[in-house]
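Q: Each residue of the sequence shown is one higher than the one before, starting from 278 at the first, in the numbering used here.
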Amino acid sequence: MTAGLALHVEAVRHAYADLPVLDGIDLDIRAGEVTVLVGPSGCGKSTLLGILGGLVAPTAGAVRLSGEAGADCLNMLTYVFQDFALLPWRSVAGNVSLVLEDSRLSRAERAARVEEVLALTGLSAFAGAWPKQLSGGMRQRVGIARALAVRPAVLLMDEPLSALDAQTRGLLLDEFASIIARTGATTVYVTHNLAEATRLGQQIVVLGRRPGRIREIIRIDTPLAGRADDDAALRAIERRLWELLRDDAAAADRELANARG
Numbered sequence: 278m279t280a281g282l283a284l285h286v287e288a289v290r291h292a293y294a295d296l297p298v299l300d301g302i303d304l305d306i307r308a309g310e311v312t313v314l315v316g317p318s319g320c321g322k323s324t325l326l327g328i329l330g331g332l333v334a335p336t337a338g339a340v341r342l343s344g345e346a347g348a349d350c351l352n353m354l355t356y357v358f359q360d361f362a363l364l365p366w367r368s369v370a371g372n373v374s375l376v377l378e379d380s381r382l383s384r385a386e387r388a389a390r391v392e393e394v395l396a397l398t399g400l401s402a403f404a405g406a407w408p409k410q411l412s413g414g415m416r417q418r419v420g421i422a423r424a425l426a427v428r429p430a431v432l433l434m435d436e437p438l439s440a441l442d443a444q445t446r447g448l449l450l451d452e453f454a455s456i457i458a459r460t461g462a463t464t465v466y467v468t469h470n471l472a473e474a475t476r477l478g479q480q481i482v483v484l485g486r487r488p489g490r491i492r493e494i495i496r497i498d499t500p501l502a503g504r505a506d507d508d509a510a511l512r513a514i515e516r517r518l519w520e521l522l523r524d525d526a527a528a529a530d531r532e533l534a535n536a537r538g
């Protein structure tokens, strides 16, 4: 649908007042690939995503973009959150078209884009449905369709499946992989779920506990369309990720419990 951009994170640090969250992040995110950020709670994954998208200004360091977005791109950096954020008084098609209403596109062009992304996300038959009539998985697909309607060069996804039950999450993973592969957008995906990381990630960035630093970067060169749940190599990578995260995750949980106590 559009060309992706590469992102270059250079010596990024961030703190909230006196609380350091990220420290010395150097990272290259290749155009057209899926980079997954994993790490224990509080390690700065969502903060780093916000810095990549320009929502958070880093305390130090910078993020550079390289390459060119496609001519049909209306918004270079587009978010998908775990909260579906659908307007209940607008239909599925109406929620998707919302992001196009102030664009340079003609009415016919807007209608064509809405039709295209609804087909891409398997929602064509539900164009006239209301959000309350949809399952959680279908509402998240509407959120994906809305993000894709602007043909972003970079798609930023902050735990988009975490609010869903395990069965729905599993079904949507394969759909996400297919959609992401077909759009060609550079994608940065934050998750706690290691199965999601190995299913979608071409580059998996493991952050240590706060202040977040990169512990390891793991590459998976198997095409997204060729990955299976019983793939032994992927399961081995998942075990490796858990080995890297286990102690930090336990320590982060203890810190959270102590703070609540």
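Cβ atoms here follow ideal geometry from the backbone N, Cα and C, with glycine treated the same way.
For clarity, every value in this text was computed on a predicted model and none was experimentally measured.
By DSSP, does D435 sit in helix, in strand, or in coil?
A: One-based indexing of the sequence shown puts residue 435 at position 158. Strand, per DSSP.
Q: Is V465 closer than 8 Å to I306 when the C-beta atoms are compared?
A: Within the sequence shown, numbered from 1, the residue matching residue 306 stands at position 29. Within the sequence shown, numbered from 1, the residue matching residue 465 stands at position 188. The answer is yes: Cβ separation under 8 Å.
Q: Would you tell me roughly how many angstroms separate the C-alpha atoms of A402 and L471, rounded to the nearest one?
A: Translated into the one-based positions of the sequence shown, residue 402 becomes position 125. Translated into the one-based positions of the sequence shown, residue 471 becomes position 194. Each residue's Cα considered, the two are about 33 Å apart.
Q: On the DSSP letters alone, give me the boundaries of the alpha helix (DSSP H) that T445 sits inside.
A: Position 168 of the sequence shown holds residue 445. Here the alpha helix (DSSP H) through T445 covers 443-460.
Q: Using DSSP's beta-bridge definition, name the partner residues of G297.
A: Residue 297 sits at position 20 when you count from the first residue of the sequence shown. According to the sequence displayed, residue 297 carries Pro and not Gly. In the DSSP output, where bridge partners are listed per residue, P297 has A292.
Q: Do D435 and V467 have their C-beta atoms within less than 8 Å of each other?
A: Counting from 1 along the sequence shown, the entry for residue 435 is found at position 158. Counting from 1 along the sequence shown, the entry for residue 467 is found at position 190. Going by C-beta atoms, D435 is nearer than 8 Å to V467.
Q: Compute the beta-carbon to beta-carbon distance between V340 and H291, rounded to the nearest angstrom, for a pair I have assumed lies under 8 Å.
A: What you label residue 340 is simply residue 63 of the sequence shown in a count that begins at 1. What you label residue 291 is simply residue 14 of the sequence shown in a count that begins at 1. That pair is no contact at about 11 Å.
Q: Mind the definition here: the segment 342-354 touches the segment 497-508 only if three or more C-beta pairs lie below 8 Å; say whether that holds.
A: No: the two stretches stay apart, fewer than three of their Cβ pairs being nearer than 8 Å.
Q: Helix, strand or coil: how does DSSP classify V373 here?
A: Along the sequence shown, one-based indexing puts residue 373 at 96. Here V373 sits in helix by DSSP.
Q: With a 10 Å radius around its C-beta and 16 neighbouring C-beta atoms as the bar for buried, classify L522 as buried or exposed.
A: Looking up residue 522 in the sequence shown gives position 245. L522 comes out buried.
Q: For G489, count neighbouring C-beta atoms within 10 Å of its own C-beta (all shown protein chains included) and say buried if the count is 16 or more, exposed if not.
A: In the sequence shown, residue 489 corresponds to position 212, counting from 1. Classification for G489: buried.
Q: When you compare only the Cα positions, how much space is there between I514 and T460?
A: Here residue 514 refers to the residue found at position 237 of the sequence shown. Here residue 460 refers to the residue found at position 183 of the sequence shown. I514 and T460: Cα-Cα distance of roughly 26 Å.
Q: By Cβ distance, which residues of its chain are closer than 8 Å to E473, with the 5 residues on each side in sequence left out?
A: Here residue 473 refers to the residue found at position 196 when the sequence shown is read from its first residue. Around E473: V313, L438, R446, L450, Y466.
Q: Counting C-beta neighbours from all protein chains within 10 Å, is the total for Y356 16 or more, i.e. buried, or is it exposed?
A: For this step, residue 356 is matched to residue 79 along the sequence shown. Buried is the call here.
Q: Look up V357 in the DSSP assignment and give the residues it is bridged to.
A: The residue you call residue 357 lines up with position 80 of the sequence shown. M434.
Q: Could you name each continuous alpha helix (DSSP H) segment of 4 residues or more that falls completely within the segment 364-427, going from the start of the chain to the end?
A: With a minimum length of 4 residues, the continuous alpha helix (DSSP H) runs that stay inside the segment 364-427 are 369-374, 384-397, 413-425.
Q: How close, in whole Å, do the beta carbons of V391 and A426 come, if the pair is a contact with beta carbons under 8 Å?
A: Within the sequence shown, residue 391 is the residue found at index 114, counting from 1. Within the sequence shown, residue 426 is the residue found at index 149, counting from 1. Confirmed, about 6 Å.
Q: In whole angstroms, give me the CA-to-CA distance for Y293 and A389.
A: Here residue 293 refers to the residue found at position 16 when the sequence shown is read from its first residue. Here residue 389 refers to the residue found at position 112 when the sequence shown is read from its first residue. In a straight line, the C-alpha of Y293 is about 43 Å away from that of A389.
Q: Have a look at L325 and R416 and give me their C-alpha separation to the nearest angstrom.
A: Translated into the one-based positions of the sequence shown, residue 325 becomes position 48. Translated into the one-based positions of the sequence shown, residue 416 becomes position 139. Cα to Cα, the separation comes out at about 26 Å.
Q: Does the separation of the CB atoms of L518 and I494 fall below 8 Å?
A: Locating residue 518 in the sequence shown gives position 241, where the first residue counts as 1. Locating residue 494 in the sequence shown gives position 217, where the first residue counts as 1. No.
Q: Mind reading off the beta-carbon distance from L282 to V431? Whole number of angstroms is fine, and I expect it under 8 Å.
A: Mapped onto the sequence shown, residue 282 falls at position 5. Mapped onto the sequence shown, residue 431 falls at position 154. Confirmed, Cβ separation roughly 6 Å.
Q: Please determine, among V311, E310, A337, the residue with the shortest C-alpha to C-alpha distance to V298.
A: Position 21 of the sequence shown, counted from the first residue, corresponds to residue 298. Minimum Cα distance to V298 is reached at A337.
Q: Checking 8 Å against the spacing of the C-beta atoms, do V333 and I457 come in under that value?
A: The residue you call residue 333 lines up with position 56 of the sequence shown. The residue you call residue 457 lines up with position 180 of the sequence shown. It is not a contact, given that the beta carbons lie outside the stated cut-off.
Q: Please state the DSSP three-state secondary structure of L282.
A: Locating residue 282 in the sequence shown gives position 5, counting from the first residue. Here L282 sits in coil by DSSP.
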